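In our numbering, the protein residues as written are -12 to 152.
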(Lines of atoms letter the chains of each structure in order from A and count residues from 1; the text may use other names and numbers.)
(Lines give C-alpha, C1' and ligand atoms only; values in the text may rest on other atoms or scores of the structure.)
Protein backbone atom coordinates (compact mmCIF):
# COMPACT_ATOMS: atom_id res chain seq x y z
CA UNK A 1 0.00 0.00 0.00
CA UNK A 2 1.55 3.25 -1.15
CA UNK A 3 -1.21 5.57 0.03
CA UNK A 4 0.80 6.75 3.03
CA UNK A 5 3.49 8.08 0.75
CA UNK A 6 1.26 10.15 -1.51
CA UNK A 7 1.99 13.81 -1.10
CA UNK A 8 4.78 13.31 1.44
CA UNK A 9 7.74 15.31 0.19
CA UNK A 10 6.38 14.90 -3.33
CA UNK A 11 7.32 11.19 -3.36
CA UNK A 12 4.21 9.92 -5.18
CA UNK A 13 1.30 11.50 -6.91
CA UNK A 14 -2.08 9.75 -7.25
CA UNK A 15 -1.36 8.54 -10.78
CA UNK A 16 1.93 6.95 -9.77
CA UNK A 17 0.27 5.34 -6.77
CA UNK A 18 -2.42 3.83 -9.00
CA UNK A 19 0.13 2.50 -11.48
CA UNK A 20 2.29 0.94 -8.78
CA UNK A 21 -0.77 -0.57 -7.07
CA UNK A 22 -1.93 -2.00 -10.41
CA UNK A 23 1.49 -3.55 -11.01
CA UNK A 24 1.51 -5.00 -7.49
CA UNK A 25 -1.96 -6.51 -8.13
CA UNK A 26 -0.64 -8.14 -11.29
CA UNK A 27 2.35 -9.58 -9.41
CA UNK A 28 0.22 -10.83 -6.51
CA UNK A 29 -2.54 -12.36 -8.63
CA UNK A 30 -0.31 -13.72 -11.35
CA UNK A 31 -2.49 -12.18 -14.04
CA UNK A 32 -4.06 -9.07 -15.42
CA UNK A 33 -7.42 -7.89 -14.11
CA UNK A 34 -9.90 -5.67 -15.94
CA UNK A 35 -8.31 -2.59 -14.37
CA UNK A 36 -4.98 -3.37 -16.00
CA UNK A 37 -6.38 -3.86 -19.51
CA UNK A 38 -6.58 -0.11 -20.07
CA UNK A 39 -3.48 0.01 -22.27
CA UNK A 40 -4.83 -2.74 -24.49
CA UNK A 41 -8.07 -0.78 -24.81
CA UNK A 42 -6.08 2.35 -25.69
CA UNK A 43 -4.24 0.44 -28.41
CA UNK A 44 -7.52 -0.85 -29.82
CA UNK A 45 -8.99 2.66 -29.91
CA UNK A 46 -5.83 4.04 -31.54
CA UNK A 47 -5.81 1.18 -34.05
CA UNK A 48 -9.40 1.88 -35.02
CA UNK A 49 -8.54 5.56 -35.48
CA UNK A 50 -5.65 4.59 -37.77
CA UNK A 51 -8.03 2.38 -39.77
CA UNK A 52 -10.57 5.22 -40.07
CA UNK A 53 -8.10 7.55 -41.79
CA UNK A 54 -4.98 5.66 -42.88
CA UNK A 55 -3.84 8.01 -45.65
CA UNK A 56 -3.88 11.46 -44.03
CA UNK A 57 -4.52 10.66 -40.37
CA UNK A 58 -6.64 12.63 -37.92
CA UNK A 59 -4.33 15.62 -37.41
CA UNK A 60 -1.67 16.46 -34.85
CA UNK A 61 -2.68 15.80 -31.26
CA UNK A 62 -5.62 13.53 -32.13
CA UNK A 63 -4.07 10.43 -30.55
CA UNK A 64 -2.53 12.25 -27.60
CA UNK A 65 -5.95 12.87 -26.06
CA UNK A 66 -8.43 10.51 -27.67
CA UNK A 67 -12.08 11.38 -26.97
CA UNK A 68 -13.15 7.71 -27.04
CA UNK A 69 -10.47 6.98 -24.41
CA UNK A 70 -11.58 9.64 -21.91
CA UNK A 71 -8.81 11.96 -23.08
CA UNK A 72 -5.96 9.47 -22.66
CA UNK A 73 -3.21 9.00 -25.24
CA UNK A 74 -2.43 5.97 -27.39
CA UNK A 75 0.72 4.95 -25.47
CA UNK A 76 2.43 3.93 -28.71
CA UNK A 77 4.35 6.52 -30.72
CA UNK A 78 4.27 4.47 -33.92
CA UNK A 79 0.46 4.41 -33.84
CA UNK A 80 0.44 8.11 -32.99
CA UNK A 81 2.55 8.99 -36.04
CA UNK A 82 0.36 7.01 -38.41
CA UNK A 83 -2.91 7.94 -36.71
CA UNK A 84 -2.15 11.66 -36.65
CA UNK A 85 -0.20 12.16 -39.88
CA UNK A 86 -1.08 9.15 -42.03
CA UNK A 87 0.74 6.36 -43.79
CA UNK A 88 3.19 8.59 -45.67
CA UNK A 89 4.50 10.12 -42.43
CA UNK A 90 4.79 6.64 -40.93
CA UNK A 91 6.76 5.45 -43.96
CA UNK A 92 9.05 8.50 -43.83
CA UNK A 93 9.67 7.91 -40.13
CA UNK A 94 10.45 4.22 -40.78
CA UNK A 95 12.87 5.23 -43.56
CA UNK A 96 14.50 7.73 -41.20
CA UNK A 97 15.02 5.00 -38.59
CA UNK A 98 16.36 2.59 -41.21
CA UNK A 99 18.81 5.27 -42.37
CA UNK A 100 20.09 5.65 -38.81
CA UNK A 101 20.51 1.87 -38.64
CA UNK A 102 22.35 1.82 -41.98
CA UNK A 103 24.67 4.60 -40.87
CA UNK A 104 25.32 2.83 -37.57
CA UNK A 105 27.06 0.03 -39.47
CA UNK A 106 29.53 2.64 -40.77
CA UNK A 107 30.79 3.37 -37.25
CA UNK A 108 34.16 1.61 -37.25
CA UNK A 109 34.77 1.70 -33.50
CA UNK A 110 33.03 -1.45 -32.17
CA UNK A 111 32.28 -0.16 -28.63
CA UNK A 112 30.86 3.05 -30.09
CA UNK A 113 28.75 1.07 -32.57
CA UNK A 114 27.43 -1.03 -29.69
CA UNK A 115 26.60 2.15 -27.79
CA UNK A 116 24.61 3.50 -30.73
CA UNK A 117 22.78 0.18 -31.12
CA UNK A 118 22.00 0.27 -27.40
CA UNK A 119 20.66 3.81 -27.66
CA UNK A 120 18.65 2.82 -30.70
CA UNK A 121 17.19 -0.20 -28.90
CA UNK A 122 16.17 1.94 -25.91
CA UNK A 123 14.70 4.66 -28.12
CA UNK A 124 12.72 2.27 -30.31
CA UNK A 125 11.50 0.32 -27.28
CA UNK A 126 10.35 3.44 -25.46
CA UNK A 127 8.40 4.45 -28.55
CA UNK A 128 6.27 1.32 -28.13
CA UNK A 129 5.16 2.29 -24.64
CA UNK A 130 4.62 6.03 -24.77
CA UNK A 131 2.68 8.32 -27.06
CA UNK A 132 5.10 11.23 -26.68
CA UNK A 133 8.13 9.51 -28.15
CA UNK A 134 9.09 12.46 -30.33
CA UNK A 135 8.28 15.21 -27.83
CA UNK A 136 9.84 13.78 -24.67
CA UNK A 137 13.25 15.23 -23.82
CA UNK A 138 14.66 11.84 -22.80
CA UNK A 139 13.64 10.33 -26.13
CA UNK A 140 15.08 13.34 -27.94
CA UNK A 141 18.35 12.89 -26.05
CA UNK A 142 18.65 9.28 -27.26
CA UNK A 143 17.77 10.31 -30.78
CA UNK A 144 20.25 13.22 -30.69
CA UNK A 145 23.11 11.02 -29.50
CA UNK A 146 22.39 8.49 -32.23
CA UNK A 147 22.22 11.18 -34.90
CA UNK A 148 25.43 12.84 -33.73
CA UNK A 149 27.41 9.63 -33.72
CA UNK A 150 26.14 8.33 -37.06
CA UNK A 151 26.57 11.74 -38.68
CA UNK A 152 30.15 12.02 -37.51
CA UNK A 153 30.80 8.43 -38.57
CA UNK A 154 30.36 9.53 -42.17
CA UNK A 155 33.21 12.03 -41.85
CA UNK A 156 36.88 11.23 -42.23
CA UNK A 157 37.53 11.79 -38.53
CA UNK A 158 37.99 8.66 -36.47
CA UNK A 159 35.39 8.35 -33.74
CA UNK A 160 36.12 6.52 -30.52
CA UNK A 161 34.98 6.38 -26.93
CA UNK A 162 37.91 8.48 -25.76
CA UNK A 163 40.74 6.01 -26.14
CA UNK A 164 43.95 7.66 -27.23
CA UNK A 165 45.85 5.89 -29.96
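C-beta: ideal position from N, C-alpha, C; glycine also. Just so we're clear, the structure is a prediction, and the values are computed from it rather than from any experiment.
Under 8 Å between C-beta atoms of residue i and residue j
i	j	result
residue 36	residue 50	yes
residue 62	residue 122	no
residue 114	residue 40	no
residue 56	residue 29	yes
residue 110	residue 134	no
Buried versus exposed, by CB contacts within 10 Å (16 or more), residue i
i	result
residue 72	buried
residue 83	exposed
residue 10	exposed
residue 140	buried
residue 2	exposed
residue 136	buried
residue 92	exposed
residue 46	exposed
residue 66	buried
residue 5	exposed
residue 78	exposed
residue 106	buried
Endpoints, the alpha helix (DSSP H) within which residue i is located
i	result
residue 83	74 to 91
residue 126	124 to 140
residue 32	25 to 39
residue 98	97 to 116
Rounded separation between residue i and residue j - CA only
i	j	result
residue 43	residue 15	44 Å
residue 8	residue 25	14 Å
residue 27	residue 34	10 Å
residue 22	residue 48	With a pLDDT of 48 at residue 22, under the threshold of 50, the modelled position of this residue cannot be trusted; read the value that follows with caution. Computed Cα separation, rounded: 26 Å.
residue 120	residue 126	6 Å
residue 76	residue 53	20 Å
residue 100	residue 94	6 Å
residue 138	residue 70	30 Å
residue 12	residue 31	23 Å
residue 89	residue 80	14 Å
residue 68	residue 86	18 Å
residue 74	residue 132	27 Å
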